[in-house]
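Student:
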Amino acid sequence: MLLCLVRGVRRHAMCRTRPCWFPEELRYASLAYAEQTFTLDAPIKLIARIDRAYRYKGKLTLMEYKIRRVERVFMSDVIELSVQKMILELAGRAMVNDHGFVVVEHPEIPRRRAIRVFLLNHKQIIELYHHRMALLRQTISADHAESTSRCRRCEFLKECKKYPESTP
């Protein structure tokens with residue numbers, strides 16, 4: 000009984016000290032992993048460094064911290080968190096929620112925002128892995144980006160046949 004009371008007091012104190020940007024669903028969660036690297040050898044070889052993983056009611060929720068000028072989540076953030084989820088689950092460490100959070104902090108303004116994202120499943124991660132490997136082996140060619148603004152920043156723009164010199 001005393002142990003339950005002590006745990007309850009600790010959780011309540013933790014809740015009161017959480018910053019206002021912290022996701023409400025994780026207010027009473029405990030930190031399970033911070034800045035730890037995990038690897039997976041099968042079905043594909045993966046390595047990931049987990050920024051934060053919080054445990055609540057037997058499940059982990061992943062959190063990735065980013066410093067950028069825009070409060071925005073990129074697909075690479077979703078892939079990064081999804082790989083972390085796959086490694087933790089397949090390595091038998093824990094069950095992980097199908098969503099995570101990307102915490103975006105502006106480099107000059109001391110403000111953070113946690114953005115909830117839905118993660119890819121294991122099959123989608125494996126497909127992305129094989130697609131990337133095929134691109135690196137040059138057995139397939141890359142698709143063009145759907146947005147011209149992304150193409151303008153591409154390192155292969157000069158070699159690209161879709162957007163010749165007319166692309167600013």
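For the record, in the sequence shown the residue sitting at position 44 is 43 according to numbering that gives the first Met the number 0, with numbers rising by one throughout. Note that beta-carbon positions come from the ideal geometry of N, C-alpha and C, so glycine has one too. All figures in this text were calculated on a predicted structure; none of them were measured in a lab.
Compute the Euclidean distance between the alpha carbons of Ser75 and Ile114, then round it to the nearest angstrom.
Tutor: 14 Å
Student: Can you check which of these residues, Val77, Val69, Asp40, Pro42, is closest to Val116 by C-alpha distance?
Tutor: Val77
Student: How is Arg149 classed by DSSP in three states: helix, strand or coil?
Tutor: helix
Student: Just mark Asp168 as buried or exposed, buried being the case when its beta carbon has 16 or more other beta carbons within 10 Å.
Tutor: The structure shown has nothing for residue 168, since the chain only spans 0 to 167.
Student: Count the other CB atoms, across all protein chains shown, that sit within 10 Å of the CB of Leu135; report buried if there are 16 or more and exposed otherwise.
Tutor: exposed
Student: Write down the C-beta distance between Gly99 and Thr38 rounded to the nearest angstrom, noting that I regard them as a contact closer than 8 Å.
Tutor: Not confirmed; about 19 Å, so no contact.
Student: For Lys58, which residues of its own chain have a beta-carbon under 8 Å away from its beta-carbon, when the five flanking residues on both sides are left out?
Tutor: Ala93, Met94, Val95, Asn96
Student: Taking only runs that begin and end inside the region 12-60, name each unbroken beta strand (DSSP E) of 3 or more residues, in chain order.
Tutor: 29-39, 45-55
Student: With Arg112 as the anchor, note down where its beta strand (DSSP E) starts and where it stops.
Tutor: 111-117
Student: Under the rule that 16 or more other beta-carbon atoms within 10 Å means buried, what is Ile124, buried or exposed?
Tutor: buried
Student: Quick check on this structure: which residue in Tyr128, Tyr64, Lys56 has the alpha carbon closest to the alpha carbon of Trp20?
Tutor: Minimum Cα distance to Trp20 is reached at Tyr64.
Student: Give the range of the alpha helix (DSSP H) segment to which Asp76 is assigned.
Tutor: Element bounds for Asp76: 74-89.
Student: List the residues that DSSP assigns as beta-bridge partners of Lys65.
Tutor: Beta-bridge pairing links Lys65 to Val103.
Student: Starting from the Cα of Pro22, find the closest Cα among Leu87, Asn120, Val102, Gln83 and give me that residue.
Tutor: Val102
Student: So is Val168 buried or exposed if we call it buried at 16+ other beta carbons inside 10 Å?
Tutor: Outside the modelled stretch of the chain, which goes from 0 to 167, sits residue 168, for which no answer is possible.
Student: Please report the distance separating the alpha-carbon of Met132 from that of Glu107.
Tutor: Near 38 Å, if we compare the C-alpha coordinates of Glu107 and Met132.
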